[in-house]
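A short worksheet on the structure shown next.
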Amino acid sequence: MKTGLLHVAEDRGGDARLDAAVQLARAFDLHLTGTQAAPLSAYAMADPFGGVYPSVKLFTEHEKRQDATRAAVEARLRDEGVAFDWVRGAGSPATVLLDQSRLSDVIILSHLESDEGGWDAELDLVGDVAVHSRAPILSVPYDNGTLDLEGTALVAWNASFEAAQALRFAVPLLSRAARVQIVTIGDDAPEFPAAGAAAYLSHHGIQSELLPVPRGELSVGEELLNVIIDSRSSFAVLGAYGHSRIRERILGGVTREMLLRSPKPLLLAH
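Residue numbers (this note's numbering): 27 to 296.
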């Protein structure tokens, strides 16, 4: 893990993302790429006839805000001794991040802030990127960018392709953890049991322990959240969106519940 893509924007989660990115960069000598997006909606105005046109004033104001944010982030990275470069692209944040992610080892984003507001592009940024990216996502809570790589790591295992993908991507992080727990909720999958995940990690020199949790009345997401809290995990690893995002949006799902409620960083892969 040597390259990281940091989502930079004027939102409430920016400081937490930066904190996590700095800690990750220190741990792995990571080169960060600060990534800003300039979506048309930031400087578009509607006319009385239903058309849309760009506003020079809004564009200028948006550029000034982005310049100020970039200056603050660059100053912090220089102070921390983190190597970095910068990209500012035209388009939605998801489009710009995905365009730049081809040779990135990790993308640093924020959890979902709210479950209200419908299909808002910013609200589902982490979902858009997680589903389409070939790189893993490190998603952090909006109000806490603490990334303790030497604590307890929790791996959520359900034998899915997504869970296996996340496990493989997480090896650099798990190799630094003092303790790794592989949790299963309900019956273990006989074709790819959690013991197989533990064996895979052992081939990478990572010792782990199995943590089977009986399926009760709570949802899988609620059970996982309880395990994270009870085990005092520092971060969790899980496959993202095993079901379609539309289904998760309508019926609920583990990924969405974790992104809305997890108090700890999540390493996600689809």
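Glycine included, C-beta positions come from ideal geometry on N, C-alpha and C.
Residue i - DSSP class collapsed to helix/strand/coil
i           : result
residue 152 : helix
residue 233 : coil
residue 108 : coil
residue 297 : Look at the range of the chain in this structure, 27 to 296, and you will see that residue 297 is not part of it.
residue 35  : coil
residue 296 : coil
residue 56  : coil
residue 222 : helix
residue 30  : strand
residue 47  : helix
residue 161 : coil
residue 64  : strand
CB contact flag (residue i, residue j, <8 Å)
i           : j           : result
residue 156 : residue 267 : yes
residue 39  : residue 168 : yes
residue 118 : residue 179 : no
residue 42  : residue 30  : no
residue 175 : residue 53  : yes
residue 115 : residue 108 : no
residue 28  : residue 131 : yes
residue 263 : residue 249 : no
residue 279 : residue 241 : no
residue 201 : residue 229 : no
residue 181 : residue 223 : yes
residue 206 : residue 227 : yes
residue 265 : residue 196 : no
residue 138 : residue 285 : yes
residue 191 : residue 51  : no
residue 287 : residue 244 : no
Beta-carbon proximity list for residue i, same chain, < 7 Å, skipping 5 on both sides
i           : result
residue 220 : 183, 208, 210, 214, 236
residue 97  : none
residue 246 : 211, 280
Cutoff 8 Å; reference residue i; Cβ partners in own chain excluding five residues on either side
i           : result
residue 36  : 91, 92, 95
residue 126 : 31, 59, 61, 113, 115
residue 33  : 43, 61, 119, 123, 133, 134, 135, 136, 151
residue 102 : 44, 48
residue 257 : 178, 180, 207, 237
residue 100 : 60, 110, 112
Beta-carbon contacts of residue i that lie in its chain and below 6 Å, excluding the five residues immediately before and after
i           : result
residue 120 : 151, 154, 155
residue 158 : 124
residue 144 : Here the model assigns residue 144 a pLDDT of 46, short of 50, so the residue's position is not dependable and the matter cannot be decided.
residue 45  : 171
residue 185 : 215, 218
residue 57  : 29, 109
residue 203 : 179
residue 283 : 247
> Three or more C-beta pairs closer than 8 Å, one from the stretch 162-177 and one from the stretch 282-294: is that the case here?
Replying inline: yes
>> For a minimum of 4 consecutive residues, which ranges assigned as the alpha helix (DSSP H) are wholly contained in the stretch 173-209?
In response: 187-195, 197-200
>> At 3 residues or longer, what runs of the beta strand (DSSP E) sit wholly inside the stretch 112-138?
In response: 132-136
>> Report the start-end ranges of each beta strand (DSSP E) in the stretch 243-273 that is 3 residues or longer and not cut off at the edges.
In response: 261-265
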